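Residue numbers (the working numbering), protein chains in the order written: chain A, 1 to 287; chain B, 1001 to 1736.
Data first, discussion second: the structure below is written as structure tokens.
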């Protein structure tokens, strides 16, 4: 068994060059909370680890005209505590706050979280509801990918082997919009979500819903939005009846998975409950 | 007054800062590291093990397989059914097939990958009740029906007693396989010098390990030295000999170099587990709320090897009846082999499973016959002077006080705003025996500088036992706590002790310490009497000095003036009780462990999620040595107990655990614990010190289940009480 080669590039082009050079044998390491666990459990066996730890200036938050730009190497804990993010979207700050536990949040990065494509994670559902898109750097330069097209399946994304996720852009919400994130844990309160619901709604001055986006995570392989169901809210007041109908449509319209955190039956029940609670929250204010 | 004071644990700072010398930190000169190759089959014949390529890996020093073992490779403290390392056959996924000693873990791991194992699969059986059916595969030839132990209790005429009943209740309660999940894994090192073996291990019973190793290697016990550094949690999982045999056998092949094995978390899940149990209670009740009879039938899943189970399955007999006045009782307790890892003690051993059963049924009965569950218990709880189902008279029992205190503490507070859903209150009481035959010895040395060293084989595993012993010494001998040092356990240095388990140390070792201190004090008084010109009976000890009416002399000076360099005394305390194996009649325990709990829960009716708002935990302590540590034991029991109650379960697929890590197998986090835990220790006039390491644990599961029924009217009989089970039950209730 050859020891794993540990490489520490000091800028992004060098990291991309190393990735191109080692291709499928390499694994990128950001915070390490996911990769190290997988290494320990022998789920992956890369011959090269390329650490992003020495690459400066990718742990930023910037408010620009088109929205909030978050550097991929930002720690979840820094995002959770950021005044800028709390003002931008309290629901997003809350999402970061409920990731795992503080030990993990101090270490894990947003780019690592998304690139790992672990279905039982918190940020993907909320960021999908917020219609985030990603900037990715590769040998041929930069490309943008909508988050909704990013996840292909369990632990698989559209990233090419030599590409690195560098930035997450979250479009600004109109001041008339409200968002909510509901994480439901069925085992330990610090565990991974059984069901994750991110909801964003924009409202007309008369209180009717102008636009609704609801993304389900953790209960399904990749975050899922049901656009036809979302459209049920357009032009409507989010009454208890309408919320119940949307929750029911999400419960019926998705094909939940089963794991230690719940059977498919239970997941379906919880999708109904937490879509309802998330929609009540966006209707009634709060975040 | 050292006794009764909340002094901090002696090693608390070292534990928190990591300065403490845990086994995992142990580095011996010239030390090799070990790695285990484990079975991937739950049940198979081993046709061939080929380690030719593995031994050639650079850095690999030696490989151990069954072929290295002598003609009689089997050991066991009670049933010799387990090979030091697999010979011919494997019986669970994770059973050690080969061990590798190497210069580095990388080399050992690479070698492990290069060992070829040829299996011929045999049919496996994982469920205890399936394993005793005709035609089930037999794991061991000597036990064709897979039952390795049948514990019994026969008290009274069951037929007549059930005939007297107005109502008969029959319910089955189950507990799944769980893992003790101590922070520190199993870790052991061994070194041979000729025919002398030294073993360093994180374990609870060093002398038992010494005895079994001496049997395995056919050397005198005195040739085996077992050293136990401070342990990072055990919870019963380190209460028996586990990895030491193969570690010692591996070290025999390394030319005198020590070899150390540190198990990975996933290996912990195949090293020891909690007994899965199915317990059926048939109980006869009269209309006036009294019992006529109880029949208990228990199936314990012991896993592939008997290990500690024969003793535990037997101990489970008296732990299954409940602290109630029941004229006729029959108990059958079956220990059963299956193709799962060997099961062992799990904090609150056997009582966690049995209390779950009998305290859940108490509420079922009470609700059915129209009694308040609290009143129904208080009416039937046993009092001192009454007789238990073993025929023994009960002394110093305080079940009523414990339960009343638990209930009262919850009633004291007004409902608070955090209640969002329907709430309910539930109770649980438990009665647990401790080790029937056991012995503790201690050696006490007073040095010429006036310091006292206590040599004890009680294992400090985070419970504060060494602090307790120091406090008892300080109190009994009359000297300041800071003058006391604790040494041990090391079987070459510290005297015999049966085990640090079953919450016995404070009582057993504590009394041995009192005896040693008594002898030491007597010697000191005799030695100082002529110097102080006062008869010994008019002298007392205080703060490290012998005190007469008008004069005093330090311990130091007493030695100096008598030209004594050091003074040594020993103390011993032992108990020897027992019951008839066929009838279970006799005296089952030197004293009874007693505890109670009251839970206030709320249940989210849409998700089934249960949260514990407040929990009141009461243990009978006899006499509290250290109130703060006692409270932490009570609190820790509740938090530990909430794991199996709400979330802990190892899930298997074909005998392979699918969640052998602490991400998928969850234990309670700080955010899962009750908003408030109210801790109470009951003391009695007799002042006999009781251990309290488990007393408030077994009541947790039934108290929570009873509170859930109180809140939303559903009864869960299978642990853990997951939100999904609660929601299903709720939907069934609402639809039916």
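A virtual CB, placed ideally from N, CA and C, is assigned to each residue, including glycine.
A quick note: this is a predicted structure, and the numbers were derived from the prediction, not measured.
Beta-carbon gap between residue i and residue j smaller than 8 Å
i: residue 1509(B); j: residue 1231(B); result: no
i: residue 55(A); j: residue 18(A); result: no
i: residue 1368(B); j: residue 1167(B); result: yes
i: residue 1491(B); j: residue 1176(B); result: no
i: residue 1732(B); j: residue 186(A); result: no
i: residue 132(A); j: residue 278(A); result: no
i: residue 1292(B); j: residue 1165(B); result: yes
i: residue 1640(B); j: residue 1338(B); result: no
i: residue 1559(B); j: residue 1446(B); result: yes
i: residue 1344(B); j: residue 1308(B); result: yes
N-terminal and C-terminal residue of the beta strand (DSSP E) that residue i is part of
i: residue 1249(B); result: Note, residue 1249(B): premise wrong, no beta strand (DSSP E); alpha helix (DSSP H) at 1244-1251.
i: residue 1369(B); result: No beta strand (DSSP E) holds residue 1369(B); the alpha helix (DSSP H) holding it covers 1351-1369.
i: residue 26(A); result: 26-29
i: residue 1553(B); result: 1552-1554
i: residue 180(A); result: 177-184
i: residue 1038(B); result: 1032-1038
i: residue 1261(B); result: 1259-1262
i: residue 1117(B); result: 1116-1121
CB contact below 8 Å: residue i versus chain B
i: residue 187(A); result: yes
i: residue 270(A); result: yes
i: residue 190(A); result: yes
i: residue 174(A); result: no
i: residue 155(A); result: no
i: residue 193(A); result: no
i: residue 139(A); result: no
i: residue 181(A); result: no
i: residue 3(A); result: yes
The alpha helix (DSSP H) enclosing residue i, as first and last residue numbers
i: residue 243(A); result: 240-253
i: residue 266(A); result: 264-284
i: residue 1475(B); result: 1465-1477
i: residue 1718(B); result: From DSSP, residue 1718(B) is part of no alpha helix (DSSP H); its letter is neither H nor E.
i: residue 1319(B); result: 1309-1319
i: residue 94(A); result: 90-97
Assigned exposure category for residue i - 16 Cβ within 10 Å defines buried
i: residue 1387(B); result: exposed
i: residue 1648(B); result: buried
i: residue 15(A); result: buried
i: residue 268(A); result: buried
i: residue 1244(B); result: buried
i: residue 1159(B); result: exposed
i: residue 1275(B); result: buried
i: residue 1355(B); result: buried
i: residue 57(A); result: exposed
i: residue 44(A); result: exposed
i: residue 62(A); result: exposed
Beta carbon proximity, residue i to chain A, threshold 8 Å
i: residue 1178(B); result: no
i: residue 1613(B); result: no
i: residue 1145(B); result: no
i: residue 1116(B); result: no
i: residue 1052(B); result: no
i: residue 1049(B); result: no
i: residue 1068(B); result: no
i: residue 1651(B); result: yes
i: residue 1606(B); result: yes
i: residue 1666(B); result: yes
i: residue 1506(B); result: no
### Query
Listed in chain order, which residues of the region 19-52 of chain A have Cβ atoms closer than 8 Å to some Cβ of chain B?
37, 40, 41
### Task
Could you name the residues of the region 244-272 of chain A whose beta carbon sits closer than 7 Å to any beta carbon of chain B, in the order they occur along the chain?
260, 262, 263, 266, 269, 270
### Task
Can you give me, in chain order, the residues of the region 86-103 of chain A that have a beta carbon less than 8 Å from any beta carbon in chain B?
101
### Query
Looking at chain B, which residues of the region 8-19 of chain A have a Cβ within less than 9 Å of any of its Cβ atoms?
none
### Message
Counting only Cβ-Cβ distances shorter than 7 Å, please list the residues of the region 1669-1682 of chain B near chain A, keeping chain order.
### Response
Of all residues in the region 1669-1682 of chain B, 1669, 1671, 1672 have a Cβ within less than 7 Å of some Cβ in chain A.
### Query
Which residues, taken in chain order from the region 1095-1107 of chain B, show a beta carbon closer than 7 Å to some beta carbon of chain A?
Those would be 1106, in chain order.
### Query
Can you list, in chain order, the residues of the region 1721-1736 of chain B whose Cβ is nearer than 9 Å to any Cβ on chain A?
1722, 1723, 1724, 1727, 1728, 1731
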